[in-house]
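Number of protein chains: 2
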Amino acid sequence: MDAQELAGKLQQGDQRALARAISLAENDHPTGLEILQLLRYRDDVPVVGITGPPGAGKSSLVNALAERWLDAGLRVAVIAVDPTSPFNFGSLLGDRLRMAGLYLHPNLFIRSMASRGSLGGLSPRILEVCDLIKNAGYDRIVIETVGVGQSEVEIAGVADTTVVVMVPEAGDEVQTMKSGVMEIADVFVVNKADRDGAESFARLLRQLSIQRHTAAWEIPVLLTRGDTGDGVDALGEAIIRHHGNLPARRKELLFEKALHLLREQWLRRFPHTALRAELETEAAKPDFNLYRFVANLAQRG
Amino acid sequence: MDAQELAGKLQQGDQRALARAISLAENDHPTGLEILQLLRYRDDVPVVGITGPPGAGKSSLVNALAERWLDAGLRVAVIAVDPTSPFNFGSLLGDRLRMAGLYLHPNLFIRSMASRGSLGGLSPRILEVCDLIKNAGYDRIVIETVGVGQSEVEIAGVADTTVVVMVPEAGDEVQTMKSGVMEIADVFVVNKADRDGAESFARLLRQLSIQRHTAAWEIPVLLTRGDTGDGVDALGEAIIRHHGNLPARRKELLFEKALHLLREQWLRRFPHTALRAELETEAAKPDFNLYRFVANLAQRG
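If you read the sequences in order, they're chains A and B. With numbering that gives the first Met the number 0 as the guide, the letters of the first sequence map in order to residues 0 to 300. With numbering that gives the first Met the number 0 as the guide, the letters of the second sequence map in order to residues 0 to 300.
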């Protein structure tokens, strides 16, 4: 099937065409890029990043959120970022299986994407994957990170709205440990809100958020329970409100995406294996200079 | 002063020429790149990244380490990554002031560099700064991150040896919260080792590290006290041993540096203000497609 044909099927909402196009894009197949060049640019579909430490209940919250949206007749896509790290695959598998209750819903599309490298960053092709999903007629995209390593901060460069999920017990750590994550939250969620300390932790988060409030957006701090669904409607509303509210932020995100795609396209001109070999040869010479080497490369590129 | 002249003075160890060259490189002044192209590529000077959460005592440890090396007659440079974040400037200022005891030592060079963006990443020019310092005749470079946000994982792409500093109380958190940081450690330090639980936390870290041991390197877990200097000699030795031990790792790091410089050089061809304006105009058109836009840009670049 050629790019034109795949793009056509994808735009009709064909899940198999979508899955195939995603694989092509992930593998840097030229047809993947061709398809993307045929599609519409859409920023009307909210992309929601859900992040937070392992054990915060992100998966059950994603589950509950997806269920609400599916019940409302919407088409929902969930991207689960899978770690390559040996430290944390155990809990993840269990999390994913809980999604099973919705797994067969015809309006739900689930895809897991490997994280990049040992530090758990997002795949460099996640933007492409989101754009393909949008064009296949999905109304909401939820990206769930594993909550470790780089993916938790990188998500802010991909998602329209970043939701940081924590549990009441995190109250003691939040001021010393997670400033990087504190700063990317558009919405805070205190999940497992039936536990002790939920209210006081929410108050602390509200205090910490005040200095990041703007005229356009006050960061809400919501109490939820993934198991019962309490507070999940409010979370869904906050996400949609945030997405609609921030044209300046969307413009900034578009610029960041353009820079990202520009960088990635540039790097494809230098196949890594050949580059490694050339660098190794050059670096062995006594007059090697990395800056001259890169300047020469760039002129060739 | 032109590039040739500045490079010459810098190579004689002139601190003012070094400071000037660093400013030029940080500001993307063409003379900065010219200087770098005139210098030798050196991978014989260990670059040590010190990371870990705020409150772990990184600054006093850096102090103690620098003092040992200065006493041994070595020339030492310390780069302090300063946050732009509003969340944590308070503690930092205090930390830096403690360095004051060594501040006037003639063989010590201290430079603070702003972190990049609100997520606290490392400055994209930190590689250039390290290369300038190496050519000014320094024997050791220590980069101290603020321990929040992206800088804590990014440091592994810059430093030859990454030292992760924690305190005994971190034992409860380490398995759930900090996997990203767990995975970048070449050396673990349990600082403030006179506190309760230091030994058992060190044992836990040793267990967690086993799966990351290789034939070339077993990750040491060291107990230190920044205030008394206990264990600091062993830390210094572990750093030098690690630096000398890993030619494969250094080769990988060189490749990563080349990619980084290649990306940054490419992006300089697209001045951000003009690019933003052009993107905004194009994005307003009904047939806008980001992938076609980027492909056209790349052809022009």
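Even glycine gets a Cβ: it sits at the ideal position worked out from N, Cα and C.
Report task. Just confirm the distance between the C-beta atoms of Ile-78(B) and Arg-110(B), as a whole number of angstroms; I'd bet it's less than 8 Å. Result -> The residue labelled residue 78(B) in the question sits at position 79 within the second sequence. The residue labelled residue 110(B) in the question sits at position 111 within the second sequence. Ile-78(B) to Arg-110(B), Cβ: 5 Å. Contact.
Query raised in the report: With a cut-off of 8 Å, does the C-beta of Leu-289(A) fall near any C-beta of chain B?
Result: If you number the first sequence from 1, residue 289(A) lands on position 290. Contact of Leu-289(A) with chain B is assigned, a C-beta pair being separated by under 8 Å.
**Report entry** Buried or exposed by the 16-neighbour rule on C-beta atoms within 10 Å, applied to Arg-19(B)
**Finding:** The count along the second sequence starts at 1 and reaches residue 19(B) at position 20. With 16 or more other CB atoms across the displayed protein chains lying within 10 angstroms of its CB, Arg-19(B) is buried.
Query - Backbone CA spacing between Gln-36(A) and Glu-263(B) [nearest angstrom] - result: Residue mapping note: residue 36(A) aligns to position 37 of the first sequence, counting from 1. Residue mapping note: residue 263(B) aligns to position 264 of the second sequence, counting from 1. For Gln-36(A) and Glu-263(B), the distance between alpha carbons rounds to 25 Å.
**Report entry** Chain-ordered chain B contacts of Ala-297(A) [CB-CB under 8 Å]
**Finding:** Reading the first sequence from its first residue, position 298 is the one you call residue 297(A). Leu-261, Gln-264 and Trp-265, listed in chain order.
Requested in this report: Reducing DSSP to helix, strand and coil, say where Gly-300(A) ends up.
Outcome: Numbered from its first residue, the first sequence carries residue 300(A) at position 301. Of the three classes helix, strand and coil, the one that applies to Gly-300(A) here is coil, per DSSP.
Query raised in the report: What in chain B is Cβ-close to Tyr-40(A), meaning under 8 Å?
Result: Residue numbering aside, residue 40(A) sits at position 41 when the first sequence is read from its first letter. By Cβ distance, chain B contributes Ala-282, Phe-287, Asn-288 and Leu-289.
Query raised in the report: Using a C-beta to C-beta distance shorter than 7 Å, which residues of chain B count as neighbours of Arg-302(A)?
Result: The structure shown does not extend to residue 302(A), since chain A is modelled only from 0 through 300, so no value can be given for it.
Query raised in the report: How about Ala-55(B) and Val-293(A): do their beta carbons lie closer than 8 Å?
Result: The residue labelled residue 55(B) in the question sits at position 56 within the second sequence. The residue labelled residue 293(A) in the question sits at position 294 within the first sequence. Here Ala-55(B) is not near Val-293(A), since their CB atoms are 8 Å or more apart.
Report task. Give me whichever residues DSSP pairs with Asp-81(B) in a beta bridge. Result -> Counting from 1 along the second sequence, the entry for residue 81(B) is found at position 82. Its beta-bridge partners are Ala-113(B).
Requested in this report: Measure the C-alpha to C-alpha separation of Ser-84(A) and Ile-125(B) and round it to an integer number of angstroms.
Outcome: Against the first sequence, residue 84(A) aligns to sequence position 85. Against the second sequence, residue 125(B) aligns to sequence position 126. Low confidence applies to Ser-84(A): its pLDDT is 42, below 50, so where it sits in the model is not reliable enough to give any reading.
Query raised in the report: Skipping 5 residues on each side, what residues in its chain have a beta carbon closer than 7 Å to that of Arg-39(B)?
Result: Looking up residue 39(B) in the second sequence gives position 40. The answer, listed in chain order, is Asn-134.
**Report entry** Touching by the beta-carbon criterion (3+ pairs, under 8 Å), the region 244-254 of chain A and the region 222-235 of chain A
**Finding:** Between the region 244-254 of chain A and the region 222-235 of chain A there are fewer than three inter-stretch CB-CB distances shorter than 8 Å, so the stretches are not counted as touching.
Report task. Report the rounded CA-to-CA distance for Asp-301(B) versus Pro-219(A), giving the unit in angstroms. Result -> Only positions 0 to 300 of chain B appear in the structure, and residue 301(B) is not among them; the question remains open.
Query - Distance, Ser-208(B) Cα to Asn-62(A) Cα - result: Residue 62(A) sits at position 63 when you count from the first residue of the first sequence. Residue 208(B) sits at position 209 when you count from the first residue of the second sequence. Pairing Asn-62(A) with Ser-208(B), the inter-Cα distance amounts to about 34 Å.
Query - Distance between Glu-168(A) and Gly-329(A) (C-alpha atoms, nearest Å) - result: Residue coverage of chain A in this structure runs from 0 to 300, which leaves residue 329(A) outside it and unanswerable.
**Report entry** Neighbouring residues, chain B, relative to Phe-292(A) (Cβ below 9 Å)
**Finding:** Here residue 292(A) refers to the residue found at position 293 of the first sequence. Residues of chain B whose Cβ lies closer than 9 Å to the Cβ of Phe-292(A) are, in chain order, Tyr-40, Ala-257 and Leu-260.
Report task. Indicate the three-state DSSP secondary structure (helix, strand or coil) for Ile-49(B) in the structure shown. Result -> Position 50 of the second sequence, counted from the start, is the residue given in the question as residue 49(B). Collapsing the DSSP output to three states places Ile-49(B) in a strand.
Requested in this report: Give the DSSP-derived three-state secondary structure of Arg-240(B) in the structure shown.
Outcome: Sequence index remark: in the second sequence, residue 240(B) carries index 241 (1-based). Here Arg-240(B) sits in helix by DSSP.
**Report entry** Status (buried if at least 16 other CB within 10 Å, exposed otherwise) for Asp-193(A)
**Finding:** Within the first sequence, the letter at position 194 stands for residue 193(A). Classification for Asp-193(A): exposed.
Query raised in the report: Who are the neighbours of Phe-200(B) on chain A, taking C-beta pairs under 8 Å?
Result: The sequence position of residue 200(B) within the second sequence is 201, counting from 1. Close partners of Phe-200(B) in chain A (Cβ separation under 8 Å) are lacking, with about 16 Å as the shortest Cβ gap.
**Report entry** At least three beta-carbon pairs within less than 8 Å, the region 44-53 of chain B to the region 160-167 of chain B
**Finding:** With a cut-off of 8 Å, the region 160-167 of chain B and the region 44-53 of chain B count as touching, because enough Cβ pairs lie within range.
Query raised in the report: Who are the Cβ neighbours of Ala-76(A) in its own chain at under 6 Å, not counting the five residues just before and after it?
Result: As a working note, residue 76(A) is residue 77 in the first sequence. Once the five neighbours on either side are set aside, the close Cβ partners of Ala-76(A) are Phe-108, Ile-132, Tyr-137 and Ile-140.
Query raised in the report: Tyr-290(B): buried (16+ other C-beta within 10 angstroms of its C-beta) or exposed?
Result: On the second sequence, residue 290(B) is found 291 positions in, with the first residue counted as 1. Within a 10 Å sphere around the beta-carbon of Tyr-290(B) sit 16 or more other beta-carbons, which makes this residue buried.
Requested in this report: Identify whether Ile-132(B) lies in helix, strand or coil by the three-state DSSP scheme.
Outcome: As a working note, residue 132(B) is residue 133 in the second sequence. It is helical.
Query - Three-state secondary structure assigned by DSSP to Val-61(A) - result: Start at 1 with the first residue of the first sequence, and residue 61(A) comes out as number 62. In the structure shown, Val-61(A) sits in a helix (DSSP, three-state: H, G or I).
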